[in-house]
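When you line the sequence shown up against our numbering, it's residues 21 to 572, in that order. Backbone N, C-alpha and C define an ideal beta-carbon position, used for all residues, glycine too. Small disclaimer: the values here were computed from a predicted structure and weren't measured. Let me begin by presenting the structure, written as structure tokens, before commenting on it.
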Amino acid sequence: MNSETKNCQNCKQGFVIEPEDFGMYKQLDLPAPVLCPYCRWKYLLAFWLFGRFRITASALSGKRIITVLPENVPFPIYEREEFVSDAWDPLTYGRPYDPSRPFIDQLCELQAAVPHPHQGGVKNVNCDWCDDWWESRECYLSRSGYRNEYLSYAYRVTNSKNSIDITYCFDMERSYDCLYCFKGYNLKYSFNCRDCIDSSFLYDCRNSSNCFMSWNLRNKQYCILNVQYTKEEYFEKLKTFDLKSYVAVDKLKKEFWEHLRADAVHRATYNVQVINSSGNFLVEDKNCTSCVFMEKSENSRYCIRGFEAKDCIDQVSCIAEKCGWGALDQWGYENICNLYATHCRFTAYLDNCEECEYCFGCVGLRKKKYCILNVQYSKEEYEELLLKIKSDMKKSGEWGKFFPLSAAYAGYNDSLAQIMFPMKKEEVLAFGAKWQEISEPHYDNVIGADTLPDAIDEVGDEITKQRILCPETNLSYNIAQRDLAFYREHGIPLPRRHFDWRTVNRYWPLTQMMMPQRGTCTYCKKETEHYYGPELKFQKIACVECYQKEIA
Ligand SMILES: [Zn+2]
Ligand SMILES: [Zn+2]
């Protein structure tokens with residue numbers, strides 16, 4: 021089969037469907053896409069809830085729950101433990117297929133009726149204010165994490181402890197305000213570092229300790245602005261930076277970014293040990309094309325955030341094999357058009373199902389087989405009805421269309437799509453997605469963030485009883501006692517923005533590193549494909565060969 025150029029139905033840009041794409045779509049019985057790869061990502065990411073934490077009550081028991089699902093979801097919200105219990109039966113919501121109406125309409129009506137769990141994640145201890153949070157304890161206002169302890173305001177973090185404000189970090193301890201760092205200890209205000217300790221404002225450093233405001237260091241100690249000092253000189257010089265002052269740290273953050281733009285050398289991709297693959301943030305991948313944030317995966321295309329994915333196409337958050345056009349299909353096998361499915365096989369059009377096989381168009385099911393629209397059938401009945409629905413859908417052009425954007429749990433602006441592909445309200449509505457209006461809460465006794473003391477030493481204990489108003493978001497936040505103890509111990513000034521704003525802003529550089537760009541290697545001057553979007557304004561980008569030679 022030849023490649024084919026099409027115009028994206030959304031952005032109107034031309035995009036190419038490669039023969040390999042056609043092959044995979046054919047295998048999965050999916051039609052060729054009508055959206056370009058980036059609009060496909062936007063579409064699927066709009067279903068990936070980010071949301072805002074709020075307190076509500078389980079519709080089943082009335083128990084107090086904390087959820088990121090918005091107030092205006094059509095379905096009842098159950099506490100997760102209750103959702104997976106026998107206290108209710110999702111099959112009671114079942115309805116027969118009506119051939120005179122579009123199938124997806126019927127599926128959406130079912131979706132709006134069946135209860136959904138208040139959050140993702142299990143095996144946590146004291147992590148109520150978290151979402152998509154697993155096997156962790158004592159964490160607070162964090163999302164998307166696995167095996168963590170004592171974290172606050174963390175996003176996409178694994179195996180870390182005693183840290184605050186870390187995003188996309190792994191194996192971190194006692195760290196603060198870091199992005200894409202691995203195995204850091206007492207690391208602050210740093211980005212893209214590995215094995216660094218007792219340091220601040222580092223970029224692309226490896227195995228370095230007691231360094232400050234430096235970049236591209238390897239196995240160094242006592243460096244400031246990439247200048248080597250003796251131990252005594254280093255600590256003497258370090259005293260001249262007032263790290264306890266908000267104003268001083270804010271200035272240092274700006275200075276740090278000026279160095280990233282003008283002085284730091286940036287490796288063309290962040291990929292490690294990849295074979296025959298394209299994309300960025302790939303680790304130990306083989307034959308992956310146009311993927312980002314994928315690890316130990318193979319033969320997959322246009323996927324975002326995957327682990328051990330195999331033969332997958334158009335997936336966001338994907339730990340799956342032979343799955344296509346889906347969002348949050350975890351441990352899936354041969355599925356299409358699934359949304360939040362876990363351990364499901366040979367299924368399509370599921371929402372929030374677990375351990376199901378041979379199910380089609382179902383919502384909230386667990387451990388079921390041969391169900392359609394939450395009705396239990398025999399194997400033979402199931403196969404016959406499935407053929408009929410499939411043929412109806414193919415005739416009407418419905419087959420292979422994902423859940424409509426109106427079926428996302430929250431607005432585009434409360435999803436990961438807004439973080440990775442931000443759009444204004446008008447653009448979101450034109451895209452067909454929802455916009456979540458932020459109800460402006462009214463607070464009594466709220467103080468403006470700009471009235472906070474500049475230095476952490478000036479902060480009294482009473483601050484923990486105070487709500488603070490973020491000037492960027494108009495949302496209030498507080499300083500938990502635990503946070504205050506951490507800030508004092510580490511000499512960190514109080515944050516002056518809402519925690520979600522901090523996470524989204526910290527994440528921002530990574531969102532600018534997902535699409536291929538062309539540029540010139542700063543060393544060999546050869547034309548080089550890299551992943552640094554123009555907004556980053558990075559001036560020194562090196563091809564991988566030169567980077568390995570010059571920086572290692
Ligand atoms: Zn497009
Ligand atoms: Zn080069």
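task: Give a yes or no on contact between the stretch 336 to 356 and the stretch 56 to 76, applying the rule of three or more CB pairs nearer than 8 Å.
output: Yes, since at least three Cβ pairs between the stretch 336 to 356 and the stretch 56 to 76 fall closer than 8 Å, the two stretches touch.
task: Kindly list the residues whose CB is nearer than 7 Å to the CB of Phe313, restricted to its own chain and excluding five residues on each side of it in sequence; keep chain order.
output: Scanning its chain for C-beta atoms nearer than 7 Å, with the 5 sequence neighbours on each side dropped, one finds around Phe313 the residues Phe301, Ile324, Arg325, in chain order.
Which of helix, strand or coil DSSP assigns to Arg502: If DSSP states are grouped into helix, strand and coil, Arg502 belongs with the helices.
query: Assuming Glu375 and Cys391 make a contact with CB atoms under 8 Å, what is their CB distance in whole Å?
result: Wrong, their Cβ atoms sit about 12 Å apart, outside the cutoff.
task: From the DSSP output, in three-state form, read off Glu193 for me.
output: The three-state secondary structure of Glu193, taken from DSSP, is strand.
field: Close-in-space but distant-in-sequence residues of the same chain around Met21 (CB under 6 Å, 5 per side omitted)
entry: Counting only Cβ-Cβ distances below 6 Å, and skipping sequence neighbours, we find Pro39, Phe42.
query: Which of the three DSSP states, helix, strand or coil, is assigned to Gln537?
result: In the three-state reduction of the DSSP assignment, Gln537 falls in the strand class.
Cβ neighbours of Tyr249 in the same chain (closer than 6 Å, five flanking residues each side left out): Here the set comprises Tyr242.
- request: Would you list the residues whose beta-carbon is nearer than 7 Å to any heavy atom of ligand 2, in the order they occur in the chain?
  value: Listed by position in the chain, the residues whose beta carbon lies within less than 7 Å of some heavy atom of ligand 2 are Cys541, Tyr543, Cys544, Lys546, Thr548, Ala562, Cys563, Glu565, Cys566.
- request: Using 10 angstroms around the beta-carbon of His138, count the other beta-carbons present and answer buried if the total reaches 16, otherwise exposed.
  value: Under this definition His138 is a buried residue.
- prompt: Can you tell me where the beta strand (DSSP E) with Asn372 in it begins and where it stops?
  reply: Residue range 371 to 374 is occupied by the beta strand (DSSP E) that includes Asn372.
- request: Between the Cα of Leu111 and those of Val395, His550, Ser496, Ile561, spot the shortest distance and give me the residue it belongs to.
  value: When each option's Cα is compared against that of Leu111, the closest is Val395.
- prompt: When the Cα atoms are used, what is the spatial distance from Cys382 to Cys150?
  reply: Approximately 27 Å between the Cα atoms of the pair.
- request: Report the partner residues of Asp151 according to the DSSP bridge assignment.
  value: In DSSP, Asp151 forms a bridge with Arg163.
message: Measuring only from the beta carbon, is Tyr322 closer than 7 Å to any heavy atom that is part of ligand 1?
response: Incorrect: Tyr322 has no Cβ contact closer than 7 Å to ligand 1.
field: Any heavy atom of ligand 1 within less than 5 Å of residue CB: hits in chain order
entry: Qualifying residues come out as Cys28, Asn30, Cys31, Cys56, Cys59.
- request: Assuming Asn179 contacts Arg167 (C-beta within less than 8 Å), just tell me the rounded distance between them.
  value: Between Arg167 and Asn179 the Cβ distance is about 5 Å, and since that is below 8 Å, they are a contact.
- prompt: With distances taken from CA atoms, which of Pro135, Ala77, Pro51 is nearest Ala107?
  reply: Shortest Cα-Cα distance from Ala107 to any of Pro135, Ala77, Pro51 involves Pro135.
task: Please classify Lys389: does DSSP put it in a helix, a strand, or coil?
output: In the structure shown, Lys389 sits in a strand (DSSP, three-state: E or B).
- request: Using three-state DSSP, classify Gln126 as helix, strand or coil.
  value: It is helical.
- prompt: For Glu549 versus Pro529, is the C-beta spacing smaller than 8 Å?
  reply: Cβ distance not < 8 Å, so Glu549 and Pro529 don't count as in contact.
task: Look at the alpha carbon of Pro53 and the alpha carbon of Gly34, and state the distance between them as a whole number of angstroms.
output: One C-alpha to the other measures close to 12 Å.
query: Taking just the CA atoms, how far does Ser78 sit from Ile97?
result: Each residue's alpha carbon lies about 6 Å from the other.
- request: Determine the direct distance from the alpha carbon of Thr362 to that of Met44, and round the result to whole angstroms.
  value: It is roughly 22 Å from the alpha-carbon of Met44 to the alpha-carbon of Thr362.
message: Cutting at 6 Å between CB atoms, please list the residues of its own chain near Val292, excluding the five before and the five after it.
response: Residues of the same chain with a CB within less than 6 Å of the CB of Val292, apart from the 5 flanking positions on each side, are Val303 in chain order.
- prompt: If we count the other Cβ atoms within 10 Å of its Cβ and call it buried at 16 or more, is His569 buried or exposed?
  reply: The amino acid occupying residue 569 in the given sequence is Lys; His does not appear at that position. Lys569 sits exposed, since fewer than 16 C-beta atoms from the chains shown fall within 10 Å of its C-beta.
query: Which residues bound the beta strand (DSSP E) around Glu315?
result: Unbroken beta strand (DSSP E) run through Glu315: 311 to 315.
Selection from Thr289, Glu492, Leu245, Lys83 that minimises the alpha carbon distance to Lys257: Cα-wise, what sits closest to Lys257 is Leu245.
- prompt: Helix or strand or just coil, what does DSSP make of Gly352?
  reply: Per DSSP, reduced to three states, the secondary structure at Gly352 is strand.
- request: To the nearest angstrom, report how far apart Lys387 and Cys490 are at their CA atoms.
  value: Lys387 and Cys490: Cα-Cα distance of roughly 45 Å.
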